[in-house]
Amino acid sequence: MERQIKLVLSGQKVVQETRTFDPSTALTHPMRSKEEAEDYRYFPDPDLLPLIISSEWIEEIKRNMPELPSERRKKLVEFYGLSPYEAKVMTDLKAVGDFFEKAVKLCQEPKLLSNWLLNDLLGLLNEAGKSIEESLVSPEHLAKLINFIKDGTLSSKLAKEVLKVMVETGKDPELIIEERGLKQVSDEESIKKLVEEVLKNHPKEVERYLKGEEKLIGFFVGQVMKAAGGKANPQVVNKVLRELLKVLKTSYQNC
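Here's what the structure looks like:
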């Protein structure tokens, strides 16, 4: 209506045509003209009553409108720092976006949360033939799992084990960790003992490392993780291992 008024006021002619609406620009564009308007059989419908739409009613509808897909995508990208792809998935699958928004309020790691939600949780649910609406894992419990990963309570490997049990049982991750003794070891003294034992049991590899084969650091990390049953904090293992090897290398060079 506004477009046609502007046309008339500017001295242009309103052409009868079919137009399409572009939601991204909120503009209409011509598709095809109507060559013979009579073919469309225009005539007043006697059964239609006048419809009066007040500006107050329009404003009320606007206030009660749910968040639009374009608004959610923009918020997920600009506020939470997600990729356009992640935002699209969470918008196309509204239930997934709703799950994320509930969980992200309880943890401060939106990117990590998004990764575990879209890849790990949805992957396990897909294997089980379930949708996010049927998930036994609540947003609160997934947020708690993310916090455990962030604070070092769980390694990514252990967290995957916990999540699998969560999907199967719906249990709180904290309860699963306690029941199965899956808490990650981050105590430096405990890890130091494991590192010393590994170095003692592999003298040939230690000698090769001291002679310049520094890529063996990965071998030592693997052996320590194996000795710890996968429960040692990898960052702490690397730190302690490099410190002890540095001491050995200094001693070796001074000999």
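The sequence shown maps to residues 93 to 347 in our numbering.
All residues carry an ideal CB built from backbone N, CA and C; glycine is no exception.
Exercise. Taking DSSP as the reference, what is the three-state secondary structure of E305?
Worked result: As a working mapping, residue 305 is identified with position 213 in the sequence shown. Of the three classes helix, strand and coil, the one that applies to E305 here is coil, per DSSP.
Exercise. What runs of the alpha helix (DSSP H), each 4 residues or longer, lie entirely inside the region 131-204?
Worked result: 147-156, 161-170, 176-184 and 186-196
Problem set entry | Contacts around L308, its chain only, beta-carbon distance under 7 angstroms, and the 5 residues preceding and following it disregarded | The residue labelled residue 308 in the question sits at position 216 within the sequence shown. So the qualifying residues of the chain are E297, R300 and Y301.
For this session: Could you tell me the distance, in whole angstroms, from the CA atom of D190 to the CA atom of S230?
Result: Position 98 of the sequence shown, counted from the first residue, corresponds to residue 190. Position 138 of the sequence shown, counted from the first residue, corresponds to residue 230. Rounded to whole angstroms, D190 to S230 spans 11 angstroms at the Cα level.
Exercise. Which of the three DSSP states, helix, strand or coil, is assigned to V328?
Worked result: Here residue 328 refers to the residue found at position 236 of the sequence shown. Looking at V328 - three-state DSSP - the assignment turns out to be helix.
Problem set entry | Classification of S247 by the beta-carbon crowding that lies within 10 angstroms, buried from 16 upward | Within the sequence shown, numbered from 1, the residue matching residue 247 stands at position 155. Classification of S247: buried, given that the 10 Å Cβ count is 16 or more.
Exercise. Could you give the residue range of the alpha helix (DSSP H) that holds L286?
Worked result: On the sequence shown, residue 286 is found 194 positions in, with the first residue counted as 1. That run of the alpha helix (DSSP H) goes E280 to N293.
For this session: Tell me whether the beta-carbon of L404 lies closer than 8 angstroms to the beta-carbon of A235.
Result: The first residue shown for the chain is 93 and the last is 347, placing residue 404 beyond what the model contains.
Problem set entry | Pick from V196, E280, S278 and V257 that is closest to I269, judged by C-alpha positions | The residue given as residue 269 occupies position 177 in the sequence shown. Residue V257 is the option with its Cα nearest to I269.
Problem set entry | Where the beta strand (DSSP E) through S125 begins and ends | Looking up residue 125 in the sequence shown gives position 33. L119 to S125 is the span of the beta strand (DSSP E), which, as asked, contains S125.
For this session: Mark M182 as exposed unless 16 or more other C-beta atoms lie within 10 angstroms of its C-beta, in which case mark it buried.
Result: Numbered from its first residue, the sequence shown carries residue 182 at position 90. Classification for M182: buried.
Exercise. Identify the residues that DSSP records as bridge partners of V277: which are they?
Worked result: Taking the first residue of the sequence shown as 1, we reach residue 277 at position 185. Paired residues: A324.
Problem set entry | Given E109 as reference, the closest of E193, M123, A319 and L101 once Cα atoms are compared | Numbered from its first residue, the sequence shown carries residue 109 at position 17. Selected option, being the one with the closest Cα: M123.
Problem set entry | chain E within 8 angstroms of L291, Cβ atoms only | The structure shown contains no chain E; it holds only a single protein chain.
Problem set entry | Sheet register partners of E109 (DSSP bridge) | What you label residue 109 is simply residue 17 of the sequence shown in a count that begins at 1. Paired residues: S125.
For this session: On a CA-only basis, which of N156, Y172, K180 and S147 is nearest S162? Give me that one, please.
Result: Here residue 162 refers to the residue found at position 70 of the sequence shown. S162 has its Cα closest to that of K180, out of N156, Y172, K180 and S147.
Exercise. Looking at D264 and H233, is the spacing between their C-beta atoms short of 8 angstroms?
Worked result: Looking up residue 233 in the sequence shown gives position 141. Looking up residue 264 in the sequence shown gives position 172. Contact flag set, yes.
Problem set entry | C-alpha distance - S125 paired with I145, whole-angstrom precision | If you number the sequence shown from 1, residue 125 lands on position 33. If you number the sequence shown from 1, residue 145 lands on position 53. Their Cα atoms are separated by approximately 29 angstroms.
Exercise. Can you list, in chain order, the residues of its chain whose CB lies under 7 angstroms from that of V106, leaving out five sequence neighbours each side?
Worked result: The count along the sequence shown starts at 1 and reaches residue 106 at position 14. Taken in chain order, the residues that qualify are Q96, L99 and V100.
Exercise. Is it buried or exposed for A118, if we count other Cβ within 10 angstroms and need 16 for buried?
Worked result: Working through the sequence shown from its first residue, we reach residue 118 at position 26. Exposed, by the Cβ-count rule.
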